Structure formats: C-alpha cells, structure tokens
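Participant: Every number in the working numbering is 38 more than the matching position in the sequence shown, counting from 1. Glycine residues also receive a C-beta, built at the ideal position from the N, C-alpha and C atoms. If you're wondering where the values come from, they're calculated on a predicted model, not measured in any experiment.
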Amino acid sequence: MAVAFIMMAGLAFAGEAEVNVAKTGLYQEISECFKEDISNWNNYFFKNNINNVDEKLEISFYVNDDQSLSVFRIRCENPEACEYVKSVFKANKMYADKVLTGKAYTFRLHLLYKAR
Numbered sequence: 039m040a041v042a043f044i045m046m047a048g049l050a051f052a053g054e055a056e057v058n059v060a061k062t063g064l065y066q067e068i069s070e071c072f073k074e075d076i077s078n079w080n081n082y083f084f085k086n087n088i089n090n091v092d093e094k095l096e097i098s099f100y101v102n103d104d105q106s107l108s109v110f111r112i113r114c115e116n117p118e119a120c121e122y123v124k125s126v127f128k129a130n131k132m133y134a135d136k137v138l139t140g141k142a143y144t145f146r147l148h149l150l151y152k153a154r
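(1) Assign ASP135 to one of three DSSP states: helix, strand, or coil.
(2) Please check the pair VAL137 and ALA55, which I expect to be a contact at CB under 8 Å, by giving their CB distance rounded to whole angstroms.
(3) Taking the continuous alpha helix (DSSP H) assigned at LYS73, which residues delimit it?
(4) If PHE84 sits next to TYR122, beta carbons under 8 Å apart, how far is it from one beta carbon to the other, in whole angstroms?
(5) Measuring alpha carbon to alpha carbon, tell me which of PHE72, TYR143, LYS152 and THR62 ends up nearest ILE97.
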C-alpha cells in the first residue's frame, strides 16, 4: 500500500481574465495527470523500488505553438523526484489553451510518497 500526497502551488504568471481561466484549466490538467499516475499501484516509484520521497519541486515549461508542453527545467534536490516528473510529462501529453502559447511558465509541486 502506498500513501501519496501532491500539492501544487499554482502557475506563476499574471494576466487578464481569459489567461487566468486558461491557467486554471492547465493547472487542473497537470494536477490530474500527477494524481492519476501516483494513484496507480504500478507507478514510477513502485517500478523503481523507491519507498519514500518528500520533495518540493519547481517545474518550468514552455507552451509550444501546437499548445503542447515542453519541460525545460526541474529544480529539486532529489534526482528520483526529478526523474518522476520527467516520466509523467513524457507519458502524458498535456496541452494548454491557445492564449498561453509561446510563453514559459513555472509551477511548484510538493511531492510526498511513502510506500507501506
């Protein structure tokens, strides 16, 4: 049995109402991808025999012209947590609203995973 907790602290950018709605939608899509992945018993941590992760990450990505996301920086001290984030973004194609294209964004993620 695994206990997992993910807390995301919003995307860091400012803008008008349309952009804020798009930001919220993207925030929810990213959150759902992480929640779905970590709730799967056969997740990255299980496959790699990782029993405990408690890490705060800062993830920066660019929204491409086709509205797909490209991660270009992950800041954290735990390499296993960084690899996990890369694996989630690689396995899940996420797309942003058109109003967000051509810009870079950052969000923070608190990842807490404990296998029992």
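Facilitator: So, to answer that:
(1) coil
(2) VAL137 to ALA55, Cβ: 10 Å. No contact.
(3) 55–77
(4) At roughly 11 Å, the Cβ-Cβ gap does not stay under 8 Å, so PHE84 and TYR122 are not in contact.
(5) TYR143
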